[in-house]
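A.B. asks: This is the structure I want to talk about, given as structure tokens.
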Amino acid sequence: MKKSQNLKKLHLTHLYPEQMNVYGDWGNVLTLKKRALWHGYEVEVHAHHPGKKFPEKTDLIIGGGGQDSGQTVIQDDLLLIGPCIKKLADQKVPMLVICGLYQLFGHFFETASGERIKGIGLFDIETYASDKRLIGNVVTETPFGEMVGYENHSGLTILSDDQRTLGRITKGAGNNGTDKTEGAIYKYVYGSYLHGSLLPKNPTFADALIEAAAMQRYDKFDAQIIDDAFADKARAIAIKRPR
Amino acid sequence: MNRHQAITRIGKAARKISRLRGGSGSALPGLIIEKLDPNYLVTALDSLPHGVVVITGTNGKTTTTKMVVHMLRDQGLKVFTNQTGSNFVRGVIASSLTQMDSDGIVDADIAILELDEAYATHFVKKIPPKYCLLLNVMRDQLDRFGEIDHTAKLLEKVAVATTDGVVLNRDDQLVRALSEKISKQTHVRYFGLSEKLRKKFPSDQEMYGTHQPHTVSLPQIRSSDVILDSIKGSSAIFAFGTKPQPSTKLKLTGLYNMQNAAGALSLVRMIMDKDLSTETLLQSLSEVKPAFGRGEAIEIDGQPLEIILVKNPAGFRLALSSYGSKPATTMIAINDNYADGRDMSWLWDVDFSMLDKVAVVSGIRAYDMTLRLQYDDIEIGLVSTNLASALRSLLQDDGPKRIYCTYTAMMQLRTILEKSYDIGAIDA
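Those sequence lines, one after another, are chains A and B. Under this note's numbering, the first residue of the first sequence is numbered 1, with each subsequent residue one higher. Under this note's numbering, the first residue of the second sequence is numbered 1001, with each subsequent residue one higher.
Here is the structure:
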């Protein structure tokens, strides 16, 4: 890759990297950064921290899962930046939110004691705490082909009838362990319970996010061919592993 | 013969049969006894004069337990301990069978038990320990324990159940915060790092943003605490309180082993109290070798081979910063069996960019590891999910070698090394 050439820039906003990054979510950012570079784009990563001004330039948003204690720290700030995130979503800015932030991109998370933590309501979903942890390898069918990942959550997410799901479960529990749905989609915003990290082993999905980011900024995207042989083999093995 | 004695005989017989059939003699007799009498261990360990001591935490349990046991034996105590790697209830029962009189009472002054965090909470409900040493809370097999905050709560249960004295890691904010939960009657002591060393240790909590509702500030160092003051090569200076002790040359390597040595010293000082012989204390510490897979080099065809266990991102980062800069042909072996943790996401929380090249990648999840290295632009040699052939290929290389591996990959490698290379049995 010719680094010295003027690469086109993409601005990635990483939501709450200090509080919401517990399951290798950093790997999603790294994957987007590296693949974008391989496609000929330079990604500048901006971290958004609670209480700070939301980054002005944002072509792509990534957010992860966190400890319960981390979630407490960010929830007020998320409501403050909610309108800004919604505006960007309607401008077709792609976003990927995993686990904890996926839940808070919905209407609310209801704790075991019945307390409701308000979300930004971008997804028409509700999440309820449960006493069971849904843990293990997951395979789902999505618009981006078969996706593999690993889930680890105790919140059960219920989609409204009109809410599009990201995937249909072929192995694992997904949103709630009963209706075979996994994750949610709103325009170019994707919510999911899958980490692992999700993007390295699902390069088609990673490239779709980069393409959407490039399209909304430059109205075009020139894909390069990337050798994904290692990802393919890692996927093939992951699919065969026990839950 | 009472019931306890009868069950002991059954257990011992089961152990003999299991060993005759080529097993390790660990799982089966433990299982049988546990079924026959869930309170068996309580009876067996109830009357030890110095009581039961629990060592737990995420990283370093096995090597730290080795240090404590060795030092206490040199102090003249008869010590019962559980076998390496079998730190679940059945393993402790099986270990106790070998060190028991015919009445089924463990013949020792004190029991030093290495317990897995999740199991430790069950154990202390039955047997409240007299002392405990809590090493650290790091992200380890989150798919098994849930979340870091949850792991901290497990350690809290152990601390609260302890009757006489608790030794806490001063530098780990989650462990340090437990001091507030412990009853006034229980003594609290600390181990930790000097100001200048603390900078070298990446903190998992900084990395994962495990925010305490309120952080407990660093406690004042008291004379009963043990602080790792400085390291020079393989020598360490420990301070008892603020008093530096003579420099000690250690067989243990790695910053984290030396940090945990401070914890072991603090615990032994607490247990021995007035009967402590300070002169022999550091001498015995200097003799302790790391447990298998914790950095000790074995020799194969005249060349050193280091096997380094990595279980979680913090441990892997520490291992890379402790060993990675010393040149060696490198292999990484990643399994995802239950004991390793099935979740591979932790590999993405380790920065591998300090490695130029990884000559061999292996284990069940070899390709997950390779994919991780690809994104750090690391040169990769051979990739093979077959551990035996991967090892063979590594050993063909001249010069020093190093293998970073997960727990079950380490156990497999050990078996292969013992069987196929003329190095005899490897001491655990």
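Glycine residues also receive a C-beta, built at the ideal position from the N, C-alpha and C atoms.
Rounding to the nearest angstrom, what Cα-Cα distance links F123 (chain A) and P83 (chain A) in this structure?
C.D. replies: Whole-angstrom Cα-Cα distance: 13 Å.
A.B. asks: DSSP on E1156 (chain B), reduced to helix/strand/coil?
C.D. replies: In this structure, E1156 (chain B) counts as helix in the three-state DSSP scheme.
A.B. asks: Determine, using beta-carbon pairs with one atom in the stretch 176–184 of chain A and one in the stretch 12–29 of chain A, whether at least three such pairs fall under 8 Å.
C.D. replies: Result no; under three Cβ-Cβ pairs closer than 8 Å.
A.B. asks: If we count the other Cβ atoms within 10 Å of its Cβ and call it buried at 16 or more, is Y1338 (chain B) buried or exposed?
C.D. replies: It counts as exposed.
A.B. asks: Anything in the stretch 12–38 of chain A with a Cβ closer than 7 Å to a Cβ of chain E? List those residues in chain order, please.
C.D. replies: Note that chain E does not occur in the displayed structure, where the protein chains are A and B.
A.B. asks: R164 (chain A) bridges to which residues according to DSSP?
C.D. replies: Its beta-bridge partners are A:I185.
A.B. asks: Quick check: what's the CA-CA separation for K1249 (chain B) versus L166 (chain A)?
C.D. replies: Taking the straight line from one Cα to the other gives about 58 Å.
A.B. asks: Flag P200 (chain A) as yes if its beta-carbon sits less than 7 Å from any beta-carbon of chain B, otherwise no.
C.D. replies: It does; some Cβ of chain B falls within 7 Å.
A.B. asks: Are the beta-carbon atoms belonging to M1344 (chain B) and R1317 (chain B) less than 7 Å from one another?
C.D. replies: No, these two residues do not count as a Cβ contact at 7 Å.
A.B. asks: Beta-carbon of Y150 (chain A) versus every beta-carbon of chain B: anything under 7 Å?
C.D. replies: Taking Cβ atoms only, chain B reaches closer than 7 Å to Y150 (chain A), which makes this a yes.
A.B. asks: With the cut-off set at 7 Å, would you say M20 (chain A) and G64 (chain A) are in Cβ contact?
C.D. replies: Cβ atoms of M20 (chain A) and G64 (chain A): closer than 7 Å.
A.B. asks: Taking a Cβ distance cut-off of 8 Å, strictly less, list which residues of the stretch 91–121 of chain A are near chain B, in chain order.
C.D. replies: Answer set for the stretch 91–121 of chain A: empty.
A.B. asks: Along chain B, in chain order, which residues have C-beta atoms closer than 7 Å to that of F230 (chain A)?
C.D. replies: Result: Y1367, T1370, L1371 and Q1374.
A.B. asks: With a threshold of 7 Å between beta carbons, is D1343 (chain B) in contact with chain A?
C.D. replies: Interface residue, yes.
A.B. asks: What are the partner residues of C1405 (chain B), as DSSP defines its beta bridges?
C.D. replies: The partner list for C1405 (chain B) (beta bridge, DSSP) reads B:L1309 and B:A1333.
A.B. asks: Is the beta carbon of Y150 (chain A) sitting closer than 7 Å to the one on H195 (chain A)?
C.D. replies: Yes.
A.B. asks: Can you find a C-beta in chain A that's less than 7 Å from the C-beta of D998 (chain B)?
C.D. replies: Since the first and last residues shown for chain B are 1001 and 1428, residue 998 (chain B) lies out of range.
A.B. asks: Is it buried or exposed, G145 (chain A), if we count other Cβ atoms within 10 angstroms and call 16 or more buried?
C.D. replies: Exposed.
A.B. asks: Given 8 Å as the limit, is there contact between the stretch 1103–1113 of chain B and the stretch 1064–1077 of chain B, that is, 3 or more CB pairs closer than that?
C.D. replies: Result yes; three or more Cβ-Cβ pairs closer than 8 Å.
A.B. asks: So, using beta-carbon positions, are P1400 (chain B) and A1328 (chain B) closer together than 7 Å?
C.D. replies: Closer than 7 Å, so yes.
A.B. asks: Counting only C-beta atoms, is H49 (chain A) closer than 7 Å to chain B at any point?
C.D. replies: By this cut-off, H49 (chain A) is not an interface position.
A.B. asks: Please determine, among B:Y1040, B:L1387, B:Y1119 and B:V1160, the residue with the shortest C-alpha to C-alpha distance to I1416 (chain B).
C.D. replies: That would be B:L1387, whose Cα lies nearest to the Cα of I1416 (chain B).
A.B. asks: Return the Cβ separation of A206 (chain A) and T31 (chain A) in integer angstroms, given the expectation that the two are a contact with Cβ distance under 8 Å.
C.D. replies: Right, the Cβ-Cβ distance comes to about 5 Å (below 8 Å), so this counts as a contact.
A.B. asks: Please name the residues in the stretch 212–227 of chain A whose beta-carbon is closer than 8 Å to at least one beta-carbon of chain B, in chain order.
C.D. replies: So the list is empty, because no residue satisfies the distance condition.
A.B. asks: Taking only runs of the alpha helix (DSSP H) that begin and end inside the stretch 80–145 of chain A, which ones reach a length of at least 4 residues, in chain order?
C.D. replies: Qualifying alpha helix (DSSP H) stretches, in chain order: 99–104.
A.B. asks: Kindly give me the distance between the Cβ atoms of D131 (chain A) and D1149 (chain B), rounded to whole angstroms, as I take these residues to be in contact under 8 Å.
C.D. replies: D131 (chain A) to D1149 (chain B), Cβ: 16 Å. No contact.
A.B. asks: For D1437 (chain B), return the contacting residues in chain A, with the cut-off set at a CB-CB distance below 7 Å.
C.D. replies: In the structure displayed, chain B extends from 1001 to 1428; residue 1437 (chain B) sits before or after that span and is not available.
A.B. asks: Report the partner residues of A47 (chain A) according to the DSSP bridge assignment.
C.D. replies: DSSP lists A:H14 as partners of A47 (chain A).
A.B. asks: Going by beta carbon distance, what residues of the same chain come within less than 6 Å of I61 (chain A), once the five residues before and after it are set aside?
C.D. replies: Once the five neighbours on either side are set aside, the close Cβ partners of I61 (chain A) are T13 and M95.
A.B. asks: What is the DSSP secondary structure of N1260 (chain B), counted as helix, strand or coil?
C.D. replies: In the structure shown, N1260 (chain B) sits in a helix (DSSP, three-state: H, G or I).
A.B. asks: Counting only the same chain and skipping the five closest in sequence on each side, list residues whose C-beta sits under 7 Å from that of D1172 (chain B).
C.D. replies: Excluding sequence neighbours, D1172 (chain B) sits near N1136 and V1137.
A.B. asks: Do you know how far the Cα of G191 (chain A) is from the Cα of K118 (chain A)?
C.D. replies: So the two alpha carbons sit approximately 17 Å from each other.
A.B. asks: I want to see whether chain A comes within less than 7 Å of D1351 (chain B), judged by CB atoms only; does it?
C.D. replies: No, no contact with chain A.
A.B. asks: Using only the alpha-carbon positions, how far apart do G1165 (chain B) and I1271 (chain B) sit?
C.D. replies: Using only the alpha carbons, I get a separation of about 9 Å.
A.B. asks: How should P200 (chain A) be labelled, buried or exposed, when 16 other C-beta atoms within 10 angstroms of its C-beta is the threshold for buried?
C.D. replies: Label assigned to P200 (chain A): buried.
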